[in-house]
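Here the structure comes first, spelled out in structure tokens, and everything after it is commentary.
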Amino acid sequence: MDDAPFSVSEFITYLNQTLEYSYPSVVLEGEVASFKVNQGKWVFFDLKDDNASLGCFLPVWDFRTELVDGMKVRLRGVPKVTQWGKFSFTVKEVIPVGQGSIKKAFDLLKERLTKEGLFDPAKKRPVDIEKIKTIGVISSTQAAGYADFIKIANERWGGLKIQVAHTGVQGLGAADQIIRALAYLNEQGAADVIAIIRGGGSADDLAVFNDEKLVRAIAASRIPVITGIGHEVDESLADLAADIKASTPSNAAQFLTRDRRAEIKNIKAKVASAKQKILSEISTLHTLNSNNIETIKRQIFSRLDSELEKVRSLKRTLERLNPDLILKQGYSIISGKLAPGSTIKIESHDVLATAIVKSISQKE
Amino acid sequence: MSSTTTNKSTNSKAAEKSLADKIETLNAQIDWFYGDDFTLADASKKYKESLGLADEIEKDLENLKNEIEIIDRDFTK
Chain A
1 MDDAPFSVSE
11 FITYLNQTLE
21 YSYPSVVLEG
31 EVASFKVNQG
41 KWVFFDLKDD
51 NASLGCFLPV
61 WDFRTELVDG
71 MKVRLRGVPK
81 VTQWGKFSFT
91 VKEVIPVGQG
101 SIKKAFDLLK
111 ERLTKEGLFD
121 PAKKRPVDIE
131 KIKTIGVISS
141 TQAAGYADFI
151 KIANERWGGL
161 KIQVAHTGVQ
171 GLGAADQIIR
181 ALAYLNEQGA
191 ADVIAIIRGG
201 GSADDLAVFN
211 DEKLVRAIAA
221 SRIPVITGIG
231 HEVDESLADL
241 AADIKASTPS
251 NAAQFLTRDR
261 RAEIKNIKAK
271 VASAKQKILS
281 EISTLHTLNS
291 NNIETIKRQI
301 FSRLDSELEK
311 VRSLKRTLER
321 LNPDLILKQG
331 YSIISGKLAP
341 GSTIKIESHD
351 VLATAIVKSI
361 SQKE
Chain B
365 MSSTTTNKST
375 NSKAAEKSLA
385 DKIETLNAQI
395 DWFYGDDFTL
405 ADASKKYKES
415 LGLADEIEKD
425 LENLKNEIEI
435 IDRDFTK
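Heads up: the sequence lines are chains A and B, in that order.
Residue numbers for the first sequence, in our numbering: 1 to 364.
Residue numbers for the second sequence, in our numbering: 365 to 441.
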């Protein structure tokens, strides 16, 4: 008892310094019990397992999910002794773990944020891929989903700038990293669209994308956000808050890039259409010329027919005036002087005769 | 901010712009075939030009690369 005594306050401060030094960041897992929110500002609950229980505390503004008693959670925080001497665990981050807890938290938070209008389809902004020059990507560069995104993007199109913010994409701390990356890309303002990419995983792996602060950051992003998280069947609150939800990282890359093969096909089709146009014009001209030739031929033949008819008509007239025809009708041609005693010649249809005029008298 | 470029593109924005220009030019050339100025006398020459440009665009498209930049920043802090 010869040691210099601490004051109670000094001792608690000393204890907390020792705890902070020994346990600067502790991750715990357990079941939530006695969950309550006091005065709308402070969240209290116990974290327990079969044999022990630990009082936990966090300010409501650090609370980023929905909790109810019985949920299994993972916490990151620091142990602390309060000024009243009570041992407590100050929570910095909490995420539900296990499929049942994640689903429950998801449903509760989805309901609350939907009521706030955070997922309102009217707020979704379209993305014109023709105008995209720069894509901001938030992902882990070590992740398979990131590799898929880059592979598909490179296969499909080129000439794009892809700015990659390397972050964690699962577990405690990942949500804050993604939020910082979102803020950074928004501050820089170079990206036309931001893609949040993460390949498939368990419900626990993907739980980070149900973090309330992250969901709000996505909804508040000035730059449109597309998510490509997990597989087609997975749905996160980040997906609901994003402007576009792609089903997978590959699908996100497909959505944001034009298809160079389709573009080449399109260009070839355009040139082929020009060729077709030329052939069509030639065909039209050929038909037109053929028609003109036919018309001219018809006009020539018509004119010929007309002229032929005229000739035939003249011929018929001439034939009617043919003396032989008249003689055949019984007439005769008399030549010589018509005077008594003179000799005249008579030509009938079939004979020639010579006669002497006996007398002449005038017709009455 | 400093950054590291891991996959520097051989075809930069300028190439992309040039590609866009070429596609625009090709579209204008194709439009000519359907416009009032079309004549069969000029069509063959115009078609050869379009065909040549289309080949160029195809090569450009096949060779165009993306530029990937990993942002040199620690987002854990």
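Cβ atoms here follow ideal geometry from the backbone N, Cα and C, with glycine treated the same way.
Under 7 Å, Cβ to Cβ, is there at least one residue of chain B near A:Ala-181?
The sequence position of residue 181 of chain A within the first sequence is 181, counting from 1. Closer than 7 Å: yes.
What did DSSP end up calling A:Phe-89 once you bin it into helix, strand or coil?
Start at 1 with the first residue of the first sequence, and residue 89 of chain A comes out as number 89. DSSP places A:Phe-89 in strand when its eight states are reduced to three.
What first and last residue would you give for the beta strand (DSSP E) that runs through A:Gln-163?
Locating residue 163 of chain A in the first sequence gives position 163, where the first residue counts as 1. Segment 161-166, the beta strand (DSSP E) holding A:Gln-163.
Just list the residues that DSSP pairs A:Ile-244 with in beta bridges.
The residue labelled residue 244 of chain A in the question sits at position 244 within the first sequence. Answer by DSSP bridge pairing, in chain order: A:Ile-226.
Residue environment, A:Glu-116, which counts as buried when at least 16 other CB atoms sit within 10 Å
Against the first sequence, residue 116 of chain A aligns to sequence position 116. It counts as exposed.
For A:Val-215, would you say it is in contact with chain B, using Cβ-to-Cβ distances shorter than 7 Å as the test?
Within the first sequence, the letter at position 215 stands for residue 215 of chain A. Cβ-Cβ to chain B under 7 Å: no for A:Val-215.
Can you give me the C-alpha to C-alpha distance between B:Glu-388 and A:Ala-147, rounded to a whole angstrom?
Stepping through the second sequence from its first residue, residue 388 of chain B is reached at position 24. Stepping through the first sequence from its first residue, residue 147 of chain A is reached at position 147. A:Ala-147 has its alpha-carbon roughly 33 Å from the corresponding atom of B:Glu-388.
List the residues of chain A whose Cβ lies closer than 9 Å to the Cβ of B:Thr-440, in chain order.
Looking up residue 440 of chain B in the second sequence gives position 76. Correct list: Thr-167, Gly-168, Gly-173, Asp-176, Gln-177 and Arg-180.
Rounding to the nearest angstrom, what Cα-Cα distance links B:Ser-414 and B:Leu-390 in this structure?
Numbered from its first residue, the second sequence carries residue 414 of chain B at position 50. Numbered from its first residue, the second sequence carries residue 390 of chain B at position 26. Rounded to the nearest angstrom, the two C-alpha atoms are 6 Å apart.
Output the distance between the C-alpha atoms of A:Asn-186 and A:Val-137, rounded to the nearest integer angstrom.
What you label residue 186 of chain A is simply residue 186 of the first sequence in a count that begins at 1. What you label residue 137 of chain A is simply residue 137 of the first sequence in a count that begins at 1. A:Asn-186 and A:Val-137: Cα-Cα distance of roughly 12 Å.
Strictly below 8 Å CB to CB, what residues from chain A border B:Lys-429?
Against the second sequence, residue 429 of chain B aligns to sequence position 65. Residues of chain A whose Cβ lies closer than 8 Å to the Cβ of B:Lys-429 are, in chain order, Asn-154, Gly-158 and Gly-159.
Leaving out five residues on either side along the sequence, give the residues of the same chain with a beta carbon under 7 Å from the beta carbon of A:Glu-20.
The residue given as residue 20 of chain A occupies position 20 in the first sequence. The residues are Val-78.
Three-state secondary structure (DSSP) at A:Ala-33?
Position 33 of the first sequence holds residue 33 of chain A. Note: A:Ala-33 maps to strand in three-state DSSP.
Contact with chain A by B:Asn-414, beta-carbon distance below 7 Å
Taking the first residue of the second sequence as 1, we reach residue 414 of chain B at position 50. The residue asked about is misnamed: residue 414 of chain B is Ser in this sequence, not Asn. Under the Cβ distance rule, B:Ser-414 counts among the residues neighbouring chain A, one pair being separated by less than 7 Å.
Could you tell me the alpha carbon to alpha carbon distance between B:Ser-367 and A:Thr-134, rounded to whole angstroms?
One-based indexing of the second sequence puts residue 367 of chain B at position 3. One-based indexing of the first sequence puts residue 134 of chain A at position 134. In this predicted model, B:Ser-367 has a pLDDT of only 43, less than 50, meaning its place in the structure is not dependable enough to derive any value.
Contact between the stretch 267-282 of chain A and the stretch 199-216 of chain A is defined here as three or more beta-carbon pairs at a separation below 8 Å; is this criterion met?
The stretch 267-282 of chain A, when compared against the stretch 199-216 of chain A, does not touch it at the 8 Å Cβ threshold.
Counting only the same chain and skipping the five closest in sequence on each side, list residues whose C-beta sits under 7 Å from that of A:Ile-179.
For the purposes of this step, residue 179 of chain A is identified with residue 179 of the first sequence, where counting begins at 1. If we look at A:Ile-179 and ignore the five residues flanking it on each side, its Cβ neighbours are Lys-213, Leu-214 and Ala-217.
Distance CB(A:Cys-56)-CB(A:Phe-45) smaller than 7 Å
Locating residue 56 of chain A in the first sequence gives position 56, counting from the first residue. Locating residue 45 of chain A in the first sequence gives position 45, counting from the first residue. Yes, the pair counts as a contact, with Cβ atoms nearer than the cut-off.
Which residues does DSSP pair with A:Ala-355 in a beta bridge?
Reading the first sequence from its first residue, position 355 is the one you call residue 355 of chain A. Per DSSP, A:Ile-344.
Determine which residues share a DSSP beta bridge with A:Ile-135 and list them.
Sequence index remark: in the first sequence, residue 135 of chain A carries index 135 (1-based). DSSP, once it has assigned bridges, lists A:Ile-162 and A:Val-193 as partnering A:Ile-135.
Quick check on A:Val-193 - is its C-beta less than 7 Å from some C-beta in chain B?
In the first sequence, residue 193 of chain A corresponds to position 193, counting from 1. Closer than 7 Å: no.
C-beta neighbour in chain B for A:Val-271, strict 7 Å:
Here the question's residue 271 of chain A lines up with position 271 in the first sequence. Judged by the 7 Å Cβ criterion, A:Val-271 is in contact with chain B.
What span of residues does the alpha helix (DSSP H) with A:Glu-235 cover, start to end?
Numbered from 1 along the first sequence, position 235 holds the residue referred to as residue 235 of chain A. From DSSP, A:Glu-235 is part of no alpha helix (DSSP H); its letter is neither H nor E.
Figure out for me which residue from A:Ala-253, A:Gly-199 and A:Phe-119 has the closest Cα to the Cα of A:Val-233.
Within the first sequence, the letter at position 233 stands for residue 233 of chain A. Taking only the C-alpha atoms, the option nearest A:Val-233 is A:Gly-199.
Compute the Euclidean distance between the alpha carbons of B:Ala-407 and A:Asp-128, then round it to the nearest angstrom.
Here the question's residue 407 of chain B lines up with position 43 in the second sequence. Here the question's residue 128 of chain A lines up with position 128 in the first sequence. Cα to Cα, the separation comes out at about 35 Å.
Per DSSP, cross-strand counterpart(s) of A:Val-81
By one-based count along the first sequence, residue 81 of chain A stands at place 81. DSSP output for A:Val-81 lists A:Phe-87 as bridge partner(s).
Is the stretch 167-181 of chain A touching the stretch 203-213 of chain A in the sense that three or more CB pairs, one from each, lie closer than 8 Å?
yes
Report, in whole angstroms, the separation of the C-beta atoms of A:Ile-162 and B:Glu-431, which I expect to be a contact under 8 Å.
Reading the first sequence from its first residue, position 162 is the one you call residue 162 of chain A. Reading the second sequence from its first residue, position 67 is the one you call residue 431 of chain B. Between B:Glu-431 and A:Ile-162 the Cβ distance is about 7 Å, and since that is below 8 Å, they are a contact.
So, does the CB of B:Ala-405 fall closer than 7 Å to a CB anywhere in chain A?
Position 41 of the second sequence, counted from the first residue, corresponds to residue 405 of chain B. B:Ala-405 does not count as touching chain A.
May I ask you to list, following chain order, the residues of the stretch 387-403 of chain B that have a beta carbon less than 7 Å from some beta carbon of chain A?
Leu-390, Ile-394, Phe-397 and Tyr-398
Might you give, ordered along the chain, the residues of its own chain that have their beta carbon closer than 7 Å to the beta carbon of A:Thr-248, omitting 5 neighbours on each side?
In the first sequence, residue 248 of chain A corresponds to position 248, counting from 1. Once the five neighbours on either side are set aside, the close Cβ partners of A:Thr-248 are Gly-228, His-231 and Glu-232.
At least one CB of chain A closer than 7 Å to the CB of B:Glu-420: is that the case?
For the purposes of this step, residue 420 of chain B is taken as residue 56 along the second sequence, with counting starting at 1. No, its Cβ sits nowhere closer than 7 Å to a Cβ of chain A.
DSSP state of A:Asp-50 mapped onto helix, strand, coil
Mapped onto the first sequence, residue 50 of chain A falls at position 50. Coil at A:Asp-50, not helix or strand.
Local Cβ density within 10 Å of A:Thr-18, reported as buried at 16 or more and exposed below that
Walking along the first sequence from the start, residue 18 of chain A turns up at place 18. Burial is judged here by how many other beta carbons sit within 10 angstroms of a residue's own beta carbon; A:Thr-18 has fewer than 16 and is exposed.
Within this structure, are the beta carbons of B:Asp-424 and B:Leu-383 separated by less than 7 Å?
As a position in the second sequence, residue 424 of chain B is number 60, starting the count at 1. As a position in the second sequence, residue 383 of chain B is number 19, starting the count at 1. Yes, the Cβ-Cβ distance between B:Asp-424 and B:Leu-383 is below 7 Å.
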